[in-house]
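A quick write-up on the structure given underneath.
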Amino acid sequence: MVHFKNVALNKWVHEMSDLCKPDSIHICDGSQQEYDTLVKQLVDTGAAIPLKKRKDCYLFRSDPSDVARVESRTYISTPSKDNAGPTNNWEDPETLKKTMRELYAGCMKGRTMYVIPFSMGPLTSPLAKIGVEITDSAYVVLNMHIMARVGTAALDRLGTDGTFVPCMHSVGSGAGTKEWPCAPIEKKYISHFPDENLIWAYGSGYGGNALLGKKCLALRIASSMARREDWMAEHMLLLRLTDPSGKQYHIAGAFPSACGKTNLAMIIPTIPGWKAECLGDDIAWMKPGPDGRLYAINAETGFFGVAPGTSFSTNSNAMNSIKENTIFTNCALTDDGDVWWEGMDGAKPSHLIDWQGNEWTPASDKPAAHPNARFTARASQCPVICKDWEKPEGVPIDAILFGGRRAHIAPLVTQALNWDHGVFLGATLASETTAANIGAVGKLRYDPMAMTPFCGYNMGDYFQHWLNMGDKLGSKAPAVFYVNWFRKDENGKFLWPGYGDNSRVLKWICDRVSGKAGATETPVGYLPNAADLDLKGLSISQAALTDLLDPKLEERKAEMPQLEAHLARFGDRLPPRIRAQFDRLVKGLERNKAA
Ligand code: OXD
Ligand code: MN
1 MVHFKNVALN KWVHEMSDLC KPDSIHICDG SQQEYDTLVK QLVDTGAAIP LKKRKDCYLF
61 RSDPSDVARV ESRTYISTPS KDNAGPTNNW EDPETLKKTM RELYAGCMKG RTMYVIPFSM
121 GPLTSPLAKI GVEITDSAYV VLNMHIMARV GTAALDRLGT DGTFVPCMHS VGSGAGTKEW
181 PCAPIEKKYI SHFPDENLIW AYGSGYGGNA LLGKKCLALR IASSMARRED WMAEHMLLLR
241 LTDPSGKQYH IAGAFPSACG KTNLAMIIPT IPGWKAECLG DDIAWMKPGP DGRLYAINAE
301 TGFFGVAPGT SFSTNSNAMN SIKENTIFTN CALTDDGDVW WEGMDGAKPS HLIDWQGNEW
361 TPASDKPAAH PNARFTARAS QCPVICKDWE KPEGVPIDAI LFGGRRAHIA PLVTQALNWD
421 HGVFLGATLA SETTAANIGA VGKLRYDPMA MTPFCGYNMG DYFQHWLNMG DKLGSKAPAV
481 FYVNWFRKDE NGKFLWPGYG DNSRVLKWIC DRVSGKAGAT ETPVGYLPNA ADLDLKGLSI
541 SQAALTDLLD PKLEERKAEM PQLEAHLARF GDRLPPRIRA QFDRLVKGLE RNKAA
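The sequence shown maps to residues 1 to 595 in this note's numbering.
Spelled out as structure tokens, the structure:
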């Protein structure tokens, strides 16, 4: 029987193995040899398909019922329902544990139980947290090797009495295939017990449901820890920009899914002399440093990116990150042994095997790759990874961006008037739904700080936590901006070119931080004048530019009842300072009309 020096870990692993009854237990050391051995096993069973055209790359196909995060089965289980708040599913902890214990009972018979010690954040970082995932999925072990710092070093950091987040996972049974077992939807549970720093997941082998270090630990549990410990766990990319004089700026940005977060994290600026480097594309942990500024680390070590739409023309840095040592899931397979997905460069291949293993030709009415097909690749493989991306103390944040997909109303960029207004901009972040979301396309959905699916406690309290952090940071707080690359004209055409040209907006942001760029104050924030933006070399009409920078105050006013209803969801947990921002905006819009 296995033995761990850490007393609590030893007790927990024994308890879980007594419950799940695996055939054997494997303690992951995080080595390349371990990775290679597991890959070989999965190739032998047919679960992993080696790709002839990409060195050390493998394609996996999930069960068609298990292709994305399941928000409807994700729970924040706190003793009081109010503490989970209106944006989370809730169930009483004892009831939920009883149900899940029954599902876990004997669930690993005939399987190996893997114990994966890992660190989110660099091992020597004061911000890092240790987790231990128990899983019966070798695919999860492989992905965790890429996405987190896995193995013996994490165990060493834990010592004999260190604390860790127990992350329990089983793919379960009752649905799926031999290669990809899972449970039917009504038996899937992604459960979080934030008061105990505990995660229990059952029934899904996919992404954020199964790689428990990512959304479950690094966002849901971490956000709740961060509130107790005065730091921030955010759904944010991290980016370094260097201006022509060599001055560095660090930017953290929160965007809901399908708004180009990975593209922005790996941007290639079109303005001469500016350099961009990626520090992370999904999760930032931030804490005030000794100098009073806010410092951020990337909690992860890899990218778990959406493949469709990624191409050399939209994000060549991502394409170059996935040339080798990459796991692909639910992509299509080409006849010469490569992966393919919709939106890749070049013409559609004349024949493919689709993500479900079926023959596919361009005449097919279904996509060849699943719209949520993914690549898992090491951050170190990104050509523009910043040399400081693993600095234990992190990087000092100059600006925080919020952004969504808005065809109208939201201008290209606005700067918050102050921290409270910035928190209000985050709390009212809204994005129009795309085909990637279930439900009607183009419907406005509020997604505060892009954290709706990831906040581990009542979001009203989360807004208050943001306000408290601003009070702590005082004059050293980052400047806050709201960006919108997706504004359209009356014919439904994008007004702004986006991608590398977003560097023009980033330049204005950096120049605002250092007091070099102009702006006009409006009720919705500071807006650049056309002359304040560097548009050299860009062909854009004056009319488009005027439209992009128009705050559309009348339309904004018409949206206020919807905004008020969004804020009303939080009831008496809505901080009075957020309500005050709403009232200020209403008054500002009224005054504008009177003027
Ligand atoms: C992700 C997500 O996979 O936000 O990063 O869903
Ligand atoms: Mn994400």
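Ideal placement from N, C-alpha and C gives every residue a C-beta, glycine not left out.
For residue i and residue j, I'd like the C-alpha separation in whole angstroms.
i    : j    : result
G208 : K129 : 18 Å
F424 : P383 : 36 Å
G205 : A233 : 24 Å
C510 : G292 : 20 Å
W496 : A407 : 11 Å
G652 : K348 : Since the first residue shown for the chain is 1 and the last is 595, residue 652 is missing from the structure and cannot be characterised.
A222 : D354 : 37 Å
E564 : D161 : 48 Å
N458 : W285 : 19 Å
G305 : R61  : 16 Å
A410 : A299 : 31 Å
K516 : N418 : 18 Å
L264 : A218 : 21 Å
G537 : Q415 : 25 Å
R227 : L444 : 29 Å
P256 : A68  : 15 Å
L279 : M120 : 15 Å
E324 : K52  : 11 Å
P194 : D550 : 43 Å
D501 : T301 : 27 Å
Consult DSSP for residue i and reduce its assignment to one of helix, strand or coil.
i    : result
R293 : coil
W12  : helix
T37  : helix
F4   : coil
I146 : helix
H465 : helix
P288 : strand
S170 : strand
M108 : coil
I221 : helix
E91  : coil
P576 : helix
A175 : strand
K53  : coil
V141 : helix
T124 : coil
T135 : strand
F304 : strand
M113 : strand
V60  : It should be pointed out that residue 60 corresponds to Phe in this sequence rather than to Val. Three-state DSSP puts F60 in a strand.
W419 : helix
K536 : coil
C216 : helix
P181 : strand
Should residue i go down as buried or exposed, given a rule of 16 or more other Cβ atoms within 10 Å for buried?
i    : result
Q464 : buried
R405 : buried
A477 : buried
P244 : exposed
R149 : buried
K109 : exposed
T546 : exposed
M560 : exposed
P184 : exposed
F494 : exposed
A318 : buried
F312 : exposed
E390 : buried
E432 : buried
D281 : buried
G442 : exposed
M100 : buried
N491 : exposed
T361 : exposed
Just checking my contact of residue i with residue j at CB under 8 Å: how many whole Å lie between their CB atoms?
i    : j    : result
I199 : M225 : That belief does not hold up - the Cβ atoms of I199 and M225 are roughly 12 Å apart, past 8 Å.
A138 : L38  : 5 Å
T428 : H566 : 7 Å
R556 : V586 : In fact, because the Cβ distance is near 10 Å, the residues do not count as touching under 8 Å.
query = Where in the stretch 227-270 do unbroken runs of the alpha helix (DSSP H), each at least 4 residues long, occur, reported from the N-terminal end onward?
reply = Qualifying alpha helix (DSSP H) stretches, in chain order: 261-265.
request  = Any chance you could list the alpha helix (DSSP H) runs of at least 4 consecutive residues sitting entirely within the stretch 308-354, in chain order?
outcome  = Fully enclosed alpha helix (DSSP H) runs of 4 or longer: 312-321.
Length-filtered (4 minimum) alpha helix (DSSP H) runs lying within the stretch 184-214 = Qualifying alpha helix (DSSP H) stretches, in chain order: 207-210.
key: Contained alpha helix (DSSP H) runs [length at least 4] in the stretch 467-520, N- to C-terminal order   = Taken in chain order, the complete alpha helix (DSSP H) segments of 4 or more residues contained in the stretch 467-520 are 502-513.
inquiry  = So within the stretch 367-417, which uninterrupted beta strand (DSSP E) runs reach at least 3 residues, ignoring any that extend past its ends?
reply    = Entirely contained in the stretch 367-417, the beta strand (DSSP E) runs reaching 3 residues are, in chain order, 374-378, 399-403 and 413-415.
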